[in-house]
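If you're matching positions, the sequence shown starts at -18 in our numbering and goes up one per residue.
Beta carbons: idealized from backbone N, C-alpha and C, even for Gly.
Owing to the predicted nature of the structure, the values given are computational and were not obtained by experimental measurement.
Each remark here refers to the structure printed beneath this line.
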Amino acid sequence: MLLHEKTAIITGTNRGIGLATLETFAANGAKIYAHARRETPDFLALINDISRMYGTEIWPICFDLTDYEAMKEKMREIAASKRHIDVLVNNAGIMSDNSSFLMTPIDKMKAVFEVNFFAQMVLTQYVTRIMIRHKAVGGSIVNVASIAAIDGDPAQIEYSASKAALIGATKKLAIELNDYKIRVNAVAPGVTDTDTASAMDEDLMRRTIGKTVMNRKAQTSEISGVILFLASELSSYMTGQVLRADGGM
-18 MLLHEKTAII TGTNRGIGLA TLETFAANGA KIYAHARRET PDFLALINDI SRMYGTEIWP
42 ICFDLTDYEA MKEKMREIAA SKRHIDVLVN NAGIMSDNSS FLMTPIDKMK AVFEVNFFAQ
102 MVLTQYVTRI MIRHKAVGGS IVNVASIAAI DGDPAQIEYS ASKAALIGAT KKLAIELNDY
162 KIRVNAVAPG VTDTDTASAM DEDLMRRTIG KTVMNRKAQT SEISGVILFL ASELSSYMTG
222 QVLRADGGM
């Protein structure tokens, strides 16, 4: 088990890549703080089922990423528990509609950046402090970026730019946090079979998939496998890297 005796925080675990990562980490022995925006009976049942299936502990932590006070309180509770945190996966994010740059109001750009970048940085600050306080050895932060941040496509400038900011932060944090033996890497998925991808314009979806060698979408488990690699000691000599999981674009 690649994450035996490790404790992870994963954001956005109620669906998509976050849910797949929750299952992959649980299957590899991790104890997990599973984040979702709201605590619903369905979410609690979901994490209880995964916990029983893999025989590991999963604790729900629910707050809106843009509610910094709620985030701070949850992180205080984790710090007070005295549990060490070994892995943070910044997965949660939003994608807006497919409007062009000239038709995108600045308020929409700010809203996407708030979730996809600023909230991730605030959470990373809190979690990094917990890692350092408990002297986590070999700590790992994995940011879920996007190929849209690297290659670019028409429309959704706010999404692409927010993920590009996350990649830039990944590279800078890798340098700054190396003194604490915390590695920071990112995965840049291509089009993945998620609810978010289903909101893409059909023509854009077709053109994007057509650029791949494999000529298909990724399954969420194929992305969570890359996240597992970056979180585990298999990637112990990697930091500041961005791994493309894009089907060969």
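Asked                                                                                                                     : Found
Beta-carbon proximity list for E95, same chain, < 7 Å, skipping 5 on both sides                                           : T47
At least three beta-carbon pairs within less than 8 Å, the segment 26 to 43 to the segment -9 to 10                       : yes
Member of G149, Q222 and E38 whose CA lies at the smallest distance from the CA of F232                                   : Only positions -18 to 230 of the chain appear in this structure, which leaves residue 232 out of reach.
Spatial distance of G74 from A146 (CA atoms)                                                                              : 13 Å
Ranges of the beta strand (DSSP E) found wholly within the segment 72 to 155, counting only runs of at least 3            : 120 to 125
Any alpha helix (DSSP H) of 4 or more consecutive residues that is wholly inside the segment 162 to 207                   : 176 to 179 and 183 to 191
Identified DSSP bridge partners for A26                                                                                   : Paired residues: none, contrary to the question.
Chain-order list of residues whose beta-carbon lies under 8 Å from that of A20 (same chain, five-residue window excluded) : Going by the sequence as given, residue 20 is Glu instead of Ala. So the list reads P41 and C43, once near-sequence residues are dropped.
Option in M112, L224, I208 and E183 with minimal Cα separation from T(-12)                                                : M112
Option nearest K89 by Cα separation, candidates A169, Y161, E139 and D67                                                  : E139
Reference R164; option with closest CA among S77, F82 and V70                                                             : V70
Pairwise C-alpha distance: K152 and Y218                                                                                  : 15 Å
A199 versus L215: straight-line alpha-carbon distance, rounded                                                            : 22 Å
6 Å CB neighbourhood of T109 in its chain, flanking five on each side removed                                             : none
Option in H65, D132, P86 and Q101 with minimal Cα separation from G229                                                    : D132
Alpha-carbon spacing of V168 relative to S80, whole angstroms                                                             : 25 Å
Cutoff 7 Å; reference I190; Cβ partners in own chain excluding five residues on either side                               : V172, N196, R197 and K198
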